[in-house]
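Mapped onto our numbering, the consecutive letters of the sequence shown carry residue numbers 495 to 878.
Note that beta-carbon positions come from the ideal geometry of N, C-alpha and C, so glycine has one too.
Computed from a predicted model, the values in this text were never measured in an experiment.
What follows is one structure encoded as structure tokens, with my remarks underneath.
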Amino acid sequence: MPTEVVAIAASFMRGGTSKGLFFLSSDLPAEPAARDALLLRAIGSPDPYARHIDGLGGATSSTSKVVLVQRSARPGCDVDYLFGQVAIDQPLVDWSGSCGNLAAAVGPFALHAGLVDGAPADGLATVRIWQANLGQRIVAHVPMQGGQVRELGDFALDGVPFPAAEIRLDFLDPAGGGGLPLLPTGRVQDVLPVPGLGPVPATLVNSGNATVIVPAASLGLAGTELSAQLNTDAALLARCEAVRAQGAVAMGLAATPAQATRERPATPKLALVGAPADYVASDGRAVASGQMDVLVRMVSMGQFHHALPGTGAIALASAAALPGTLLAPGSGAGGAGLRMGHPSGCIETEAEAAQDAGGAWRIRRVSVSRSARRLMTGQVWVPR
């Protein structure tokens, strides 16, 4: 039973198509269990009603997130970025992965907090970010005006209702996080033995976040369906989790599918891909097949994502840059750019891949444009 209510400085920020609570690491308990307990209560988890009524979470995978930022002691980096995916109905903060969308808000948060030295008054501030969960580098190019972060602009991002200033993100060497190689099994294609489904073809890639890529058709989908429709099908969600969990075992992330479901709900992600096709986005706009190279419907934390996780875009762009991976016909495998059609519209990425002297592939960089904005800065009151 809590005995007091404490006030913790925090910012509520949108980054890309996600929202989350941002903290300075120094404002939170150093002991992991105490830190996680505070973060869970701030978000409002666990909530058996799955509404986050008594916290600041939004009861979806894209709005139940926390970010911890601190000045970096690592050479060549300005700040460290630690991401936590907060389970909605379980007392769990999953620190196994990253959030590419909220990465867009790390630079602005760090600039607002005075953690970046030498930022220009106008133009683009370069914020060098150490992604602490995966041990990777991100460079954010943040627009400045009059010594302040410029948030207003005309950059439109599908899945976000209002335009804002563009923030370009370069994910450097995004593969290999968590000690796994780019292709954890050493193959560009695998077959997963999934109970109830049989053999499911897959590409297992570890870039951005570990991701299991399978044909949408293997789960009986066209790839044009919207997340609101898909998330009402409990049997489909169970099949998706069976595929994801089996992929986690194949990648060496869990000993059993049950362990993957219980202990790693955030990663690996699951991407269902299909050939380009016309569809109607969740806001009613028509999306033409010519606007994309591949259709994507992505599962995050047991639900279909309303758009596309940023790390999912990185994983798919990385896979498309490798010959022989399992992507829909016309996906542009081997090319530098990839246009992906998701439930809210489209996203385009750029990837730079190269082979070393031994023939092994390396993803040097994946770039994507996002936007970010401060929604609230103040204190979050947390019972403890």
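Close-in-space but distant-in-sequence residues of the same chain around residue 724 (CB under 6 angstroms, 5 per side omitted): Numbered from 1 along the sequence shown, position 230 holds the residue referred to as residue 724. Here the set comprises 798.
Span of the beta strand (DSSP E) around residue 846: The sequence position of residue 846 within the sequence shown is 352, counting from 1. Unbroken beta strand (DSSP E) run through residue 846: 839-849.
Whole runs of the alpha helix (DSSP H) within the stretch 698-732, excluding any shorter than 4 residues: If only uninterrupted alpha helix (DSSP H) runs of at least 4 residues are considered, those enclosed by the stretch 698-732 are 721-724.
Reduced DSSP secondary structure (H/G/I, E/B, other) of residue 761: On the sequence shown, position 267 is the one that residue 761 refers to. Coil at residue 761, not helix or strand.
Residue environment, residue 580, which counts as buried when at least 16 other CB atoms sit within 10 Å: Walking along the sequence shown from the start, residue 580 turns up at place 86. Result: buried.
Three-way DSSP call (helix, strand, coil) for residue 790 in this model: Reading the sequence shown from its first residue, position 296 is the one you call residue 790. Residue state, collapsed to three classes: strand.
Counterpart residues of residue 693 in DSSP-defined beta bridges: Along the sequence shown, one-based indexing puts residue 693 at 199. Its beta-bridge partners are 687.
Residue environment, residue 774, which counts as buried when at least 16 other CB atoms sit within 10 Å: For the purposes of this step, residue 774 is identified with residue 280 of the sequence shown, where counting begins at 1. With fewer than 16 other Cβ atoms within 10 Å, it is exposed.
Where the alpha helix (DSSP H) containing residue 805 begins and where it ends: As a first step, residue 805 must be located in the sequence shown, where it is residue number 311. Segment 804-814, the alpha helix (DSSP H) holding residue 805.
Burial state of residue 828, where buried means 16 or more other Cβ atoms lie within 10 Å: As a first step, residue 828 is located in the sequence shown; it is residue number 334 there, counting from the start. Annotation note: pLDDT 45 at residue 828 (below 50); position unreliable, no value reported.
Distance between beta carbons of residue 628 and residue 510, contact taken as under 8 angstroms: Against the sequence shown, residue 510 aligns to sequence position 16. Against the sequence shown, residue 628 aligns to sequence position 134. Actually they do not touch by this definition, with Cβ atoms about 17 angstroms apart.
Straight-line Cα distance separating residue 577 from residue 817: Position 323 of the sequence shown, counting from 1, holds the residue named residue 817. Position 83 of the sequence shown, counting from 1, holds the residue named residue 577. Taking the CA atoms as reference points, residue 817 sits about 31 angstroms from residue 577.
When 535, 717, 518 and 819 are compared against residue 682, the one with the closest alpha-carbon: Counted from its first residue, the sequence shown places residue 682 at position 188. Ranking 535, 717, 518 and 819 by Cα distance to residue 682 puts 819 first.
Neighbourhood of residue 513 by C-beta distance below 6 angstroms, restricted to the same chain and skipping five residues each side: For this step, residue 513 is matched to residue 19 along the sequence shown. Excluding five sequence positions before and after residue 513, the CB atoms of its chain that fall closer than 6 angstroms to its own CB belong to 557, given in chain order.
Rounded C-alpha distance that separates residue 691 from residue 669: Translated into the one-based positions of the sequence shown, residue 691 becomes position 197. Translated into the one-based positions of the sequence shown, residue 669 becomes position 175. Our two residues, residue 691 and residue 669, have alpha carbons roughly 29 angstroms apart in a direct line.
Supposed close pair residue 730, residue 796 - CB separation, criterion 8 angstroms: For the purposes of this step, residue 730 is taken as residue 236 along the sequence shown, with counting starting at 1. For the purposes of this step, residue 796 is taken as residue 302 along the sequence shown, with counting starting at 1. The pair is not a contact, with the Cβ atoms about 11 angstroms apart (cut-off 8 angstroms).
Complete beta strand (DSSP E) runs within the stretch 586-643 (minimum length 3 residues, chain order): Fully enclosed beta strand (DSSP E) runs of 3 or longer: 617-625 and 630-639.
Contact belief for residue 755 with residue 739 at Cβ below 8 angstroms, rounded distance in angstroms: For the purposes of this step, residue 755 is taken as residue 261 along the sequence shown, with counting starting at 1. For the purposes of this step, residue 739 is taken as residue 245 along the sequence shown, with counting starting at 1. Between residue 739 and residue 755 the Cβ distance is about 5 angstroms, and since that is below 8 angstroms, they are a contact.
Top-ranked residue by Cα proximity to residue 789, from 515, 767 and 776: The sequence position of residue 789 within the sequence shown is 295, counting from 1. The option with the nearest alpha carbon to residue 789 is 767.
Host alpha helix (DSSP H) of residue 869 (start-end): The residue you call residue 869 lines up with position 375 of the sequence shown. Taken as a continuous stretch (DSSP letters only), residue 869 belongs to no alpha helix (DSSP H), being part of the beta strand (DSSP E) at 866-877.
Collapsed DSSP secondary structure at residue 564 in the structure displayed: Sequence index remark: in the sequence shown, residue 564 carries index 70 (1-based). Three-state DSSP puts residue 564 in a strand.
Own chain residues within Cβ distance below 7 angstroms of residue 848, not counting five before or after: Numbered from its first residue, the sequence shown carries residue 848 at position 354. The residues 856 and 858, in chain order, have a CB closer than 7 angstroms to that of residue 848 in the same chain once the five nearest residues on each side in sequence are set aside.
Counterpart residues of residue 799 in DSSP-defined beta bridges: Working through the sequence shown from its first residue, we reach residue 799 at position 305. DSSP, once it has assigned bridges, lists no residue as partnering residue 799.
Nearest candidate by alpha-carbon position, reference residue 538, set 517, 582 and 525: As a first step, residue 538 must be located in the sequence shown, where it is residue number 44. Answer by Cα proximity: 582.
Residue 502 vs residue 521 beta-carbon contact at 8 angstroms: In the sequence shown, counting from the first residue as 1, residue 502 sits at position 8. In the sequence shown, counting from the first residue as 1, residue 521 sits at position 27. In this structure, residue 521 lies closer than 8 angstroms to residue 502 by Cβ.
Cβ shell of residue 540 (< 6 angstroms), same chain only, five flanking positions each side left out: Along the sequence shown, read from residue 1 onward, the residue named residue 540 stands at position 46. So the qualifying residues of the chain are 583, 584 and 585.
Host alpha helix (DSSP H) of residue 529 (start-end): Taking the sequence shown and counting its residues from 1, one reaches residue 529 at position 35. Unbroken alpha helix (DSSP H) run through residue 529: 526-537.
Cβ pair residue 844, residue 861 closer than 8 angstroms: As a first step, residue 844 must be located in the sequence shown, where it is residue number 350. As a first step, residue 861 must be located in the sequence shown, where it is residue number 367. With contacts defined as CB atoms closer than 8 angstroms, residue 844 and residue 861 qualify as a contacting pair.
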